[in-house]
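Going letter by letter, the sequence shown gives residues 33 to 300 in the working numbering. To start, the structure under review is shown below, and the notes come after it.
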Amino acid sequence: MTSVITLLTDYGLEDGYVAACHGVIAGIAPEARVIDVCHLIPAGDVRRGAAVLAQTIPYLPLGIHIGAVDPGAGGARRAVAVEAGGRVFIGPDNGLLSWAVHASGGALAAYQISNEDHFLRPVSPTFHGRDVYSPVAGRLCGGLSPAELGPEMPLDRLVSLPEPTSLLREGSVEGEVVSVDRYGNTQLSIAAGDLHALGVRLGDTLGVWLGRRQLALPYKETFAAVPPGELVAFADSAGLIAIAVNAGDAAQRLGLPPGAHVRLSPTP
């Protein structure tokens, strides 16, 4: 089994939660390389965690990928291990892993993590990242088979978040805000290729409909292509359209939370 483990959580960096997970892994699999994907996911924001993991996974080595954004910790939700594309994803069965599993080619097998022989004891009901996911990941690095973690689950029983969608029609493209990053940039479910299909090119002006509001934004290569304080649309590092303010917070200015509907079209 690979010796790479990645960690994505909403634990923050003010406390010792992340260090505890690293420590448990080091105690079980000292040879493992641990990559911190992100620990600043907004508390309980499963959708943001899913987006970050899915958009990062193509650039990570094959390995064991822990996701711990779990507003249902201590409740009835399951802990799962999902095999996909040569990787094993570990985390709560709340949809957090679903987009990354899809980006890895889709689930091949899934197991409920229930064999307590592989947990840290005692298990805290509110810190599965330390007591369940980290020790399980370490043992998988040591050669444990995912099938030894617990019973196999039907793949159609895994919780999946609805995939962000876009729709081309009548000279425009409709989508939604997928996520908002720490800079306030609003990432849309609309790909740069959708705009190109409408004939939009860099330097053009976009018509942007946000509910009943209509804006005209420049479509540029980067947010720095407009003066500070100005709005701009650009294709981000994931190839998706984002709306930003140079040196500002677009989500705050426009009131665009994740899930908000957006329509784009070329302007004459």
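Ideal placement from N, C-alpha and C gives every residue a C-beta, glycine not left out. Just so it is clear, the structure is predicted and the values come from calculations on it, not from any experiment.
Inset, instruction - Could you name each continuous alpha helix (DSSP H) segment of 4 residues or more that falls completely within the region 64-102, going from the start of the chain to the end? - result: Whole alpha helix (DSSP H) segments, 4+ residues: 78-88.
Inset, instruction - Could you tell me how far apart the beta carbons of L187 and D226 are, in whole angstroms, since I believe they sit closer than 8 angstroms? - result: Taking the sequence shown and counting its residues from 1, one reaches residue 187 at position 155. Taking the sequence shown and counting its residues from 1, one reaches residue 226 at position 194. Actually they do not touch by this definition, with Cβ atoms about 30 angstroms apart.
Inset, instruction - Kindly indicate which three-state DSSP category L200 falls into: helix, strand or coil? - result: Residue 200 sits at position 168 when you count from the first residue of the sequence shown. Look at L200 here: in three-state DSSP terms it is strand.
Legend entry - DSSP state of E115 mapped onto helix, strand, coil: Reading the sequence shown from its first residue, position 83 is the one you call residue 115. When DSSP states are grouped into helix, strand and coil, E115 belongs to the strand group.
Legend entry - Beta-ladder partner(s) of A276, from DSSP: Position 244 of the sequence shown, counted from the start, is the residue given in the question as residue 276. Paired residues: V264.
Legend entry - Range of the contiguous alpha helix (DSSP H) that encloses I222: Residue 222 sits at position 190 when you count from the first residue of the sequence shown. Taken as a continuous stretch (DSSP letters only), I222 belongs to no alpha helix (DSSP H), being part of the beta strand (DSSP E) at 218-223.
Legend entry - Extent of the continuous beta strand (DSSP E) run through L288: Within the sequence shown, the letter at position 256 stands for residue 288. Premise fails: L288 is in no beta strand (DSSP E) and is neither H nor E.
Legend entry - the region 84-104 touching the region 123-135, judged by at least three CB pairs closer than 8 angstroms: Yes: at least three Cβ pairs fall under 8 angstroms.
Inset, instruction - Note down, one range per segment and in chain order, each beta strand (DSSP E) of at least 3 residues found wholly within the region 136-160. - result: If we require 3 residues or more, the beta strand (DSSP E) runs fully inside the region 136-160 come out as 141-144.
Legend entry - Candidates D42, S198, R285, V56, of which the one nearest A75 by Cα: The count along the sequence shown starts at 1 and reaches residue 75 at position 43. Across the set D42, S198, R285, V56, the C-alpha of D42 shows the shortest separation from the C-alpha of A75.
Inset, instruction - Compute the Euclidean distance between the alpha carbons of R285 and H150, then round it to the nearest angstrom. - result: Counting from one through the sequence shown, the residue named residue 285 turns up at place 253. Counting from one through the sequence shown, the residue named residue 150 turns up at place 118. Spanning the two alpha carbons is a distance of roughly 48 angstroms.
Inset, instruction - Leaving aside the five residues before and after S156 along the sequence, list all residues of the same chain whose C-beta is less than 8 angstroms from its C-beta, in chain order. - result: On the sequence shown, residue 156 is found 124 positions in, with the first residue counted as 1. The answer, listed in chain order, is R162, D163.
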